Amino acid sequence: MCSGICPAARIVGRFNPRRMLWEAFLGLENEATLGENVWLCLGCHLCLEACPTRVKVSHVITLLKNLAAGRGNMPDGFLQEVNTIFKTGRSIPSSPAIEKKRLELSLPSLPAVDVEEVRALLKKLNLPINNKRGDGK
Numbered sequence: 001m002c003s004g005i006c007p008a009a010r011i012v013g014r015f016n017p018r019r020m021l022w023e024a025f026l027g028l029e030n031e032a033t034l035g036e037n038v039w040l041c042l043g044c045h046l047c048l049e050a051c052p053t054r055v056k057v058s059h060v061i062t063l064l065k066n067l068a069a070g071r072g073n074m075p076d077g078f079l080q081e082v083n084t085i086f087k088t089g090r091s092i093p094s095s096p097a098i099e100k101k102r103l104e105l106s107l108p109s110l111p112a113v114d115v116e117e118v119r120a121l122l123k124k125l126n127l128p129i130n131n132k133r134g135d136g137k
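The opening position of the sequence shown corresponds to residue 1 in this note's numbering, with each subsequent residue numbered one higher.
Right under this line is the structure:
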């Protein structure tokens, strides 16, 4: 059921949450469990809602993503996002155009970000920052 309802599995044939869960249960470390396939999960939790036995498939996949990331296996887009957050403290840095639009919409300016605090937290996660293992340099 989890694979049948999964939007990622419907679009990308090689993504199979049920197989991924089974291989993780067996302790297999392969492309399905720790490779690029694990990053295809959208985190929508439809598998969790559809599972008649309430297996937390999406939670296991999140754990597999964490394990893969810890081994340096992250898609380039995720690495770019980590580096942007490390550099600016935000996932989407502010810009003059954004600030102008916020003014037009009568929105307040974005609050200041303690970039050093964000960097310290990212370093603790030992994520690959600037293509290095969590050293932030």
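A virtual CB, placed ideally from N, CA and C, is assigned to each residue, including glycine.
Owing to the predicted nature of the structure, the values given are computational and were not obtained by experimental measurement.
Quiz item: Roughly how many whole angstroms lie between the Cα atoms of Lys108 and Ser95?
Solution: Correcting the residue identity first, residue 108 is Pro in this sequence and not Lys. Here the alpha carbon of Pro108 sits roughly 14 Å from the alpha carbon of Ser95.
Quiz item: What are the residues that DSSP puts in a beta bridge with Pro108?
Solution: The bridge partners DSSP lists for Pro108 come to none.
Exercise. Note down the Cα distance separating Asp76 from Cys44, rounded to an integer number of angstroms.
Key: So the alpha carbons of these two residues sit roughly 21 Å apart.
Quiz item: Can you tell which of Val118, Phe15 and Leu105 has its C-alpha closest to the C-alpha of Gly89?
Solution: The shortest C-alpha to C-alpha distance from Gly89 to any of Val118, Phe15 and Leu105 is the one to Val118.
Quiz item: Which class does Ile92 belong to by DSSP, given the choice of helix, strand or coil?
Solution: Ile92: coil per DSSP, three-state reduction.
Quiz item: So, Leu46 versus Ile98, is the Cβ gap smaller than 8 Å?
Solution: Taking the C-beta atoms as reference points, Ile98 is found no nearer than 8 Å to Leu46.
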